[in-house]
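*Asks:*
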Amino acid sequence: MSQQTTIRKLAELVNTPVEKLLEQLSEAGMSFSGPDQVVTSTEKMKLLGFLRRTHGKGDAPAEEGEASKKITLNRRKVQEVTVASGRTKSTVAVEVRQKRTYTKPPEGAAVDSSPAAQAAIAQADPERAEILRKLEESRQRNLSEQQRLAETDAKRKAELDERRRLEEEAAERERQAAAAAAAAAAEAVVAEESAKPKAGHHGHPKPAAPRVDAKSDAHKGKGAAPNRGSHAMVTSIEDDDNAARFAGQLHLSAQERARRGASRGRPKQRRSLDQSRTGTGFTRPTAPIVREISIGDAITVGDLAQKLALKGGEVVKQLFKMGVMATITQTIDHDTAVLVTEELGHRAVHADAGDVEDVLLAHTEDQQGERQTRPPVVTIMGHVDHGKTSLLDYIRRTKVAAGEAGGITQHIGAYHVETDRGTISFLDTPGHAAFTQMRARGAKLTDIVVLVVAADDGVMPQTIEAVQHAKAASVPLIVAVNKIDKPGADPLRIKNDLLAQGIVAEEFGGDTQMVELSAKTGAGVDNLLDAISLQAEVLELKAVYEGRASGTVIESSLDKGRGPVATVLVQQGTLRKGDYLVCGIQYGRVRALFDETGKQVPEAAPSIPVQVLGLSGVPDAGDDFTVVEDERLAKDVAQQRDAKRRESRLVSQAGNRMEDIMAQMGEGAAQQTLNLLVKADVQGSVQALREALTGLSNTQIRINVIGGGVGGITESDATLAATSKATVIGFNVRADASARKVIESNGVDLRYFSIIYDVIDQVKQIASGVLGKEIREEIIGIAEVRDVFRSSKFGAVAGCMVVEGVVKRTKPIRVLRDNTVVFEGELESLRRFKENVDEVRNGTECGIGVKAYNDVKAGDQIECFERIEVQRTL
Numbered sequence: 001m002s003q004q005t006t007i008r009k010l011a012e013l014v015n016t017p018v019e020k021l022l023e024q025l026s027e028a029g030m031s032f033s034g035p036d037q038v039v040t041s042t043e044k045m046k047l048l049g050f051l052r053r054t055h056g057k058g059d060a061p062a063e064e065g066e067a068s069k070k071i072t073l074n075r076r077k078v079q080e081v082t083v084a085s086g087r088t089k090s091t092v093a094v095e096v097r098q099k100r101t102y103t104k105p106p107e108g109a110a111v112d113s114s115p116a117a118q119a120a121i122a123q124a125d126p127e128r129a130e131i132l133r134k135l136e137e138s139r140q141r142n143l144s145e146q147q148r149l150a151e152t153d154a155k156r157k158a159e160l161d162e163r164r165r166l167e168e169e170a171a172e173r174e175r176q177a178a179a180a181a182a183a184a185a186a187e188a189v190v191a192e193e194s195a196k197p198k199a200g201h202h203g204h205p206k207p208a209a210p211r212v213d214a215k216s217d218a219h220k221g222k223g224a225a226p227n228r229g230s231h232a233m234v235t236s237i238e239d240d241d242n243a244a245r246f247a248g249q250l251h252l253s254a255q256e257r258a259r260r261g262a263s264r265g266r267p268k269q270r271r272s273l274d275q276s277r278t279g280t281g282f283t284r285p286t287a288p289i290v291r292e293i294s295i296g297d298a299i300t301v302g303d304l305a306q307k308l309a310l311k312g313g314e315v316v317k318q319l320f321k322m323g324v325m326a327t328i329t330q331t332i333d334h335d336t337a338v339l340v341t342e343e344l345g346h347r348a349v350h351a352d353a354g355d356v357e358d359v360l361l362a363h364t365e366d367q368q369g370e371r372q373t374r375p376p377v378v379t380i381m382g383h384v385d386h387g388k389t390s391l392l393d394y395i396r397r398t399k400v401a402a403g404e405a406g407g408i409t410q411h412i413g414a415y416h417v418e419t420d421r422g423t424i425s426f427l428d429t430p431g432h433a434a435f436t437q438m439r440a441r442g443a444k445l446t447d448i449v450v451l452v453v454a455a456d457d458g459v460m461p462q463t464i465e466a467v468q469h470a471k472a473a474s475v476p477l478i479v480a481v482n483k484i485d486k487p488g489a490d491p492l493r494i495k496n497d498l499l500a501q502g503i504v505a506e507e508f509g510g511d512t513q514m515v516e517l518s519a520k521t522g523a524g525v526d527n528l529l530d531a532i533s534l535q536a537e538v539l540e541l542k543a544v545y546e547g548r549a550s551g552t553v554i555e556s557s558l559d560k561g562r563g564p565v566a567t568v569l570v571q572q573g574t575l576r577k578g579d580y581l582v583c584g585i586q587y588g589r590v591r592a593l594f595d596e597t598g599k600q601v602p603e604a605a606p607s608i609p610v611q612v613l614g615l616s617g618v619p620d621a622g623d624d625f626t627v628v629e630d631e632r633l634a635k636d637v638a639q640q641r642d643a644k645r646r647e648s649r650l651v652s653q654a655g656n657r658m659e660d661i662m663a664q665m666g667e668g669a670a671q672q673t674l675n676l677l678v679k680a681d682v683q684g685s686v687q688a689l690r691e692a693l694t695g696l697s698n699t700q701i702r703i704n705v706i707g708g709g710v711g712g713i714t715e716s717d718a719t720l721a722a723t724s725k726a727t728v729i730g731f732n733v734r735a736d737a738s739a740r741k742v743i744e745s746n747g748v749d750l751r752y753f754s755i756i757y758d759v760i761d762q763v764k765q766i767a768s769g770v771l772g773k774e775i776r777e778e779i780i781g782i783a784e785v786r787d788v789f790r791s792s793k794f795g796a797v798a799g800c801m802v803v804e805g806v807v808k809r810t811k812p813i814r815v816l817r818d819n820t821v822v823f824e825g826e827l828e829s830l831r832r833f834k835e836n837v838d839e840v841r842n843g844t845e846c847g848i849g850v851k852a853y854n855d856v857k858a859g860d861q862i863e864c865f866e867r868i869e870v871q872r873t874l
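If you count by UniProt numbering, then the sequence shown holds residues 1 to 874, one letter each, in order.
1. Any chance you could list the beta strand (DSSP E) runs of at least 3 consecutive residues sitting entirely within the region 670-741, in chain order?
2. Going by DSSP in three states, Met381 sits in which element: helix, strand or coil?
3. Ends of the alpha helix (DSSP H) at residue 889?
4. Have a look at Ile289 and Arg347 and give me their C-alpha separation to the nearest angstrom.
5. In whole angstroms, what separates the C-alpha of Val807 from that of Ala798?
6. Roughly how many angstroms lie between the CA atoms of Gly747 and Gly708, to the nearest whole one?
7. Quick one: residues in its chain with C-beta nearer than 8 Å to the C-beta of Leu720, no 5 flanking neighbours on either side, listed in chain order?
8. With a CB to CB cut of under 7 Å and the five nearest residues on each side skipped, what residues in its chain are close to Gly387?
9. Taking only runs of the beta strand (DSSP E) that begin and end inside the region 578-648, which ones reach a length of at least 3 residues, in chain order?
10. For the region 816-823 against the region 856-863, do three or more pairs of beta-carbon atoms, one drawn from each stretch, fall closer than 8 Å, so that the two count as touching?
11. To the nearest angstrom, report how far apart Phe731 and Asp717 are at their CA atoms.
12. Run the CB neighbour count on His383, radius 10 Å, all protein chains shown included, and call it buried at 16 or more, exposed below.
13. If you follow the alpha helix (DSSP H) that Ile7 is part of, which residue opens it and which one closes it?
14. State the beta-bridge partners of Glu370 as determined by DSSP.
15. Alpha carbon to alpha carbon, how far is Pro619 from Gly588? Give it in angstroms, no decimals.
16. Enumerate in chain order the residues of its own chain whose CB-to-CB distance from Gly345 is below 8 Å, with the five nearest sequence positions on each side excluded.
17. According to DSSP, simplified to helix, strand and coil, what is Ile503?
18. From what residue to what residue does the beta strand (DSSP E) around Ala298 run?
19. Which stretch, first to last residue, makes up the alpha helix (DSSP H) that contains Ala470?
20. What is the rounded straight-line gap between the Cα of Val742 and the Cα of Gly684?
21. Could you check what DSSP says for Gln306 in three-state terms: helix, strand or coil?
22. Thinking just about the alpha-carbon of each residue, which of Arg831, Arg841 and Cys583 is nearest to the one in Gly847?
23. Could you tell me which uninterrupted alpha helix (DSSP H) segments, each at least 4 residues in length, are contained entirely in the region 500-577, listed from first to last along the chain?
24. For Ile503, which residues from the same chain have a beta carbon less than 7 Å from its beta carbon, with the 5 sequence-adjacent residues on both sides left out?
25. Taking DSSP's pairing of strands, which residues face Ser829 in a bridge?
26. Within its chain, find whatever has a CB closer than 6 Å to the CB of Lys77; leave out the 5 residues flanking it on each side and keep chain order.
27. Verify whether the separation of the beta carbon atoms of Leu569 and Ala592 is less than 8 Å.
28. In chain order, what residues of the same chain have a beta carbon less than 7 Å from the beta carbon of Gly781, not counting five sequence neighbours either side?
29. Determine which residues share a DSSP beta bridge with Leu135 and list them.
30. Under a three-way DSSP split, which group does Thr88 fall into?
31. Specify, as a first and last residue, the run of the beta strand (DSSP E) that His350 falls within.
32. Where Ile464 and Asp579 are concerned, what is the direct C-alpha to C-alpha distance, given to the nearest angstrom?
33. Alpha carbon to alpha carbon, how far is Thr101 from Val83? Give it in angstroms, no decimals.
34. What number of angstroms, rounded off, separates the C-alpha of Gly584 from the C-alpha of Glu869?
35. Please state the DSSP three-state secondary structure of Thr341.
36. Secondary structure at Ala154, three-state DSSP: helix, strand or coil?
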């Protein structure tokens with residue numbers, strides 16, 4: 001606070017009105033004429049003392065100190081006591097209050113710790129006596145501990161001093177003894193050497209070496225050593241070679257000195273200070289090091305930093321500068337890694353594919369042999385319920401279609417049939433729209449496509465799609481016009497409809513064989529087999545029978561008793577039991593081969609489909625398989641493919657660019673997400689379901705398949721669904737006991753299906769529930785204002801004619817002028833003549849009073865509408 005404070009400023013500082021502060025100053029004996037006068041420090045202290053005395057706190061600061069030395073403890077304890085009065089019991093709350101004041105003794109005052117004083121304190125105040133007793137015990141313990149530590153430190157210090165003194169005395173004695181022995185030996189050697197005659201280089205005696213004066217040489221600094229005891233130790237004599245040579249070896253025998261003297265004659269090489277050749281030293285580079293970094297299709301930020309010999313943070317910082325948000329554990333693609341490497345001053349090269357894939361390629365190219373005629377592979381394609389499986393069923397003389405869910409094919413069935421015209425392998429593809437990928441895979445594997453079209457149904461969407469797949473794969477097409485036995489069959493219409501798709505029948509001058517048949521009666525089936533055989537002869541299908549087998553996975557599944565089962569189509573070589581094969585990212589040894597009837601076979605030749613047991617996992621449908629020499633190569637190839645696939649998946653899922661993240665943030669506010677976990681019996685169904693369900697996504701909801709696989713629903717699947725709040729869909733599979741327990745405890749939505757139609761319909765219903773309802777406005781009637789009447793009771797009343805729909809009194813309305821809304825509200829009255837009515841229909845005159853709006857004019861339109869709730873759907 002400033003020394004030149006005015007009354008007004010002082011009042012603002014102490015938050016007191018100026019008038020009250022002037023009154024307090026006047027009562028304190030100080031008179032001021034106005035609020036702008038200056039209040040000195042003395043006057044402030046005088047006012048403070050007056051206020052203290054007024055409030056009973058005393059004037060001296062010492063009183064505050066006295067008060068601060070007291071402490072009052074208030075205790076409040078509430079208990080409930082039950083009191084019995086006759087047959088009734090009542091509860092009474094008893095409150096006990098205690099108040100104790102403790103006074104701190106003045107500093108320097110002695111505390112009376114005599115037994116009599118302690119007894120008096122204990123009798124007067126037991127709690128205080130207990131506190132004092134504990135304080136005294138603590139003080140005594142601290143004193144004894146400090147005394148013990150002081151004695152321990154003193155004893156330790158004395159022991160260290162004594163040990164140091166003994167070591168110094170021993171070292172001094174050893175030093176003196178060594179000096180005396182060296183001096184005596186030096187005198188003896190000098191005397192012995194001086195007594196021998198010395199010869200020069202030509203046999204002439206050498207002149208005797210002059211005696212060295214220790215005192216004079218000490219001044220020159222080169223001949224004598226400092227005195228040790230009563231002797232002078234000679235370190236070097238310039239004119240005496242022997243003395244110089246034996247210096248430092250005077251304690252050795254003559255034989256030992258001679259041996260060491262020979263070795264001392266050679267110059268000793270000093271160890272080089274440059275330790276870079278040994279690898280233990282480090283020389284700082286004089287120029288920046290440019291490294292050549294090998295980068296594959298994808299690499300983690302941490303691995304790239306390790307190759308660049310940099311800290312991970314520096315690489316992350318450079319990525320941020322480039323607009324890529326990535327952590328040290330995330331994976332980046334090849335192009336991004338190359339840009340970062342070049343920005344950091346290094347050179348990037350693409351990792352060569354000189355790996356096990358090259359070994360595998362060389363492995364498969366080595367097989368050569370005689371090419372022989374092989375059976376044709378025929379794929380049956382067409383729309384749903386046009387009789388594809390029934391036709392194949394008639395050919396195989398079995399009842400396959402009767403055992404399928406809903407009477408539709410949902411897998412790729414592979415069969416080989418022995419006919420009078422030779423062996424033919426058939427692939428039966430599903431016709432539902434969701435199985436587009438299956439049909440495309442079947443078209444790529446096949447030699448001939450048989451397009452089945454129902455004569456009573458005509459060309460349908462999947463029929464057109466099958467034609468497109470056959471054209472894309474450049475596969476010859478044979479059209480089988482089925483169900484000619486039905487009353488409404490019209491084969492000619494089918495042939496005309498196919499002309500729009502570029503399929504011209506032979507009878508119309510084209511090159512496509514069209515066979516009319518009935519899969520139910522068998523009429524025309526032999527003609528179809530003849531057409532297939534004829535087309536196969538034209539194609540001249542051949543393959544190598546001897547050598548390692550290779551082919552494609554048609555379908556795969558997980559059998560509870562047999563493990564992973566893959567249905568494969570052999571295209572080259574012969575697949576035998578015991579072969580090692582790599583299949584996509586899976587590998588293994590063939591434990592058994594089964595044909596389509598479940599019979600075990602020893603081998604499978606080209607164009608023959610078989611089921612393979614013994615793989616390490618369930619391969620993806622469409623993967624290629626190759627038989628290799630040993631299990632090690634198969635394992636290496638599978639692991640490398642798995643690593644590459646995982647890196648590619650991480651890169652595609654990263655979404656690590658800033659603009660992508662901002663776009664996701666912008667979309668996330670309005671778009672709902674429905675998580676699904678799909679488990680199916682075969683791999684093809686998983687792929688079809690995943691594509692069909694994710695295709696239901698739109699701007700309002702996103703269908704996200706968080707996981708999928710082949711086999712039953714396990715505990716880990718249920719836990720994943722519970723964590724991500726996903727709906728579990730079991731397609732021809734069931735949940736085991738542990739999974740059901742997790743599903744029941746977490747309330748996971750589990751649904752079983754066997755027909756793909758039901759899956760799509762149910763997911764649409766679930767998505768509609770997630771989307772919720774929306775409010776829509778529906779116009780129910782329009783009335784045109786013909787004239788306006790003024791009423792003192794109702795204001796402006798519009799005489800109207802209902803020109804559309806119905807006008808209801810309880811519904812909201814809008815007033816439109818020139819097709820523009822000018823008012824929105826509700827009706828105050830609706831009259832027909834003089835009577836109030838609830839509604840007026842089309843073509844009827846009425847009087848309308850608009851509530852809180854009197855500006856209705858002739859020619860306006862009154863629009864009546866209602867709000868309804870509509871369930872959102874996909």
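Each residue gets a CB set at the ideal place from its N, CA and C atoms; glycine is no exception.
*Replies:* Quick answer:
1. 672-680, 701-710 and 727-731
2. On the sequence shown, residue 381 is found 381 positions in, with the first residue counted as 1. Three-state DSSP puts Met381 in a strand.
3. The structure shown has nothing for residue 889, since the chain only spans 1 to 874.
4. The residue you call residue 289 lines up with position 289 of the sequence shown. The residue you call residue 347 lines up with position 347 of the sequence shown. Taking the straight line joining both Cα atoms gives about 11 Å.
5. Along the sequence shown, read from residue 1 onward, the residue named residue 807 stands at position 807. Along the sequence shown, read from residue 1 onward, the residue named residue 798 stands at position 798. Spanning the two alpha carbons is a distance of roughly 14 Å.
6. For this step, residue 747 is matched to residue 747 along the sequence shown. For this step, residue 708 is matched to residue 708 along the sequence shown. So the two alpha carbons sit approximately 20 Å from each other.
7. Taking the first residue of the sequence shown as 1, we reach residue 720 at position 720. Closer than 8 Å at the Cβ level, and outside the excluded window around Leu720, lie Leu677, Ile706, Gly707 and Ala726.
8. Translated into positions along the sequence shown, residue 387 becomes position 387. Val452, Ala454, Asn482, Lys483 and Ala519.
9. 580-583, 586-594, 609-615 and 624-628
10. yes
11. Start at 1 with the first residue of the sequence shown, and residue 731 comes out as number 731. Start at 1 with the first residue of the sequence shown, and residue 717 comes out as number 717. So the two alpha carbons sit approximately 14 Å from each other.
12. Position 383 of the sequence shown holds residue 383. Answer is buried; the Cβ neighbour count reaches 16.
13. Within the sequence shown, the letter at position 7 stands for residue 7. Counting along the chain, the alpha helix (DSSP H) containing Ile7 begins and ends at Ile7 to Val14.
14. As a first step, residue 370 must be located in the sequence shown, where it is residue number 370. Looking at the DSSP assignment, Glu370 forms no beta bridge with any residue, so it has no partner.
15. Numbered from 1 along the sequence shown, position 588 holds the residue referred to as residue 588. Numbered from 1 along the sequence shown, position 619 holds the residue referred to as residue 619. Cα to Cα, the separation comes out at about 11 Å.
16. Taking the first residue of the sequence shown as position 1, residue 345 is located at position 345. Pro288 and Val290.
17. What you label residue 503 is simply residue 503 of the sequence shown in a count that begins at 1. DSSP places Ile503 in coil when its eight states are reduced to three.
18. Taking the sequence shown and counting its residues from 1, one reaches residue 298 at position 298. Ala298 -> beta strand (DSSP E) spans Ala298 to Thr300.
19. The residue labelled residue 470 in the question sits at position 470 within the sequence shown. Its alpha helix (DSSP H) spans residues Pro461 to Ala472.
20. Start at 1 with the first residue of the sequence shown, and residue 742 comes out as number 742. Start at 1 with the first residue of the sequence shown, and residue 684 comes out as number 684. Those two C-alpha atoms are separated by around 28 Å.
21. Here the question's residue 306 lines up with position 306 in the sequence shown. Helix.
22. To locate residue 847, count along the sequence shown from 1; it is residue 847. Minimum Cα distance to Gly847 is reached at Arg831.
23. 525-539
24. Taking the first residue of the sequence shown as 1, we reach residue 503 at position 503. The answer, listed in chain order, is Val467, Leu477, Val479 and Thr512.
25. In the sequence shown, residue 829 corresponds to position 829, counting from 1. Partner(s): Gly849.
26. Position 77 of the sequence shown, counted from the first residue, corresponds to residue 77. Excluding positions up to five away in sequence, the list reads Val96.
27. In the sequence shown, residue 569 corresponds to position 569, counting from 1. In the sequence shown, residue 592 corresponds to position 592, counting from 1. No. Outside cutoff.
28. Locating residue 781 in the sequence shown gives position 781, where the first residue counts as 1. Excluding residues within five positions, the ones whose Cβ falls inside 7 Å are Val802, Glu804, Gly805, Val806, Val807 and Cys864.
29. Translated into the one-based positions of the sequence shown, residue 135 becomes position 135. Answer is none; Leu135 lacks a bridge partner.
30. Stepping through the sequence shown from its first residue, residue 88 is reached at position 88. Correct three-state label for Thr88: strand.
31. Along the sequence shown, one-based indexing puts residue 350 at 350. Note, His350: beta strand (DSSP E), Arg347 to His350.
32. In the sequence shown, counting from the first residue as 1, residue 464 sits at position 464. In the sequence shown, counting from the first residue as 1, residue 579 sits at position 579. So the alpha carbons of these two residues sit roughly 41 Å apart.
33. As a position in the sequence shown, residue 83 is number 83, starting the count at 1. As a position in the sequence shown, residue 101 is number 101, starting the count at 1. If you take the alpha carbons of Val83 and Thr101, they lie about 34 Å apart.
34. Along the sequence shown, read from residue 1 onward, the residue named residue 584 stands at position 584. Along the sequence shown, read from residue 1 onward, the residue named residue 869 stands at position 869. Cα-Cα distance, rounded: 52 Å.
35. Residue numbering aside, residue 341 sits at position 341 when the sequence shown is read from its first letter. In this structure, Thr341 counts as helix in the three-state DSSP scheme.
36. Here residue 154 refers to the residue found at position 154 of the sequence shown. Of the three classes helix, strand and coil, the one that applies to Ala154 here is helix, per DSSP.
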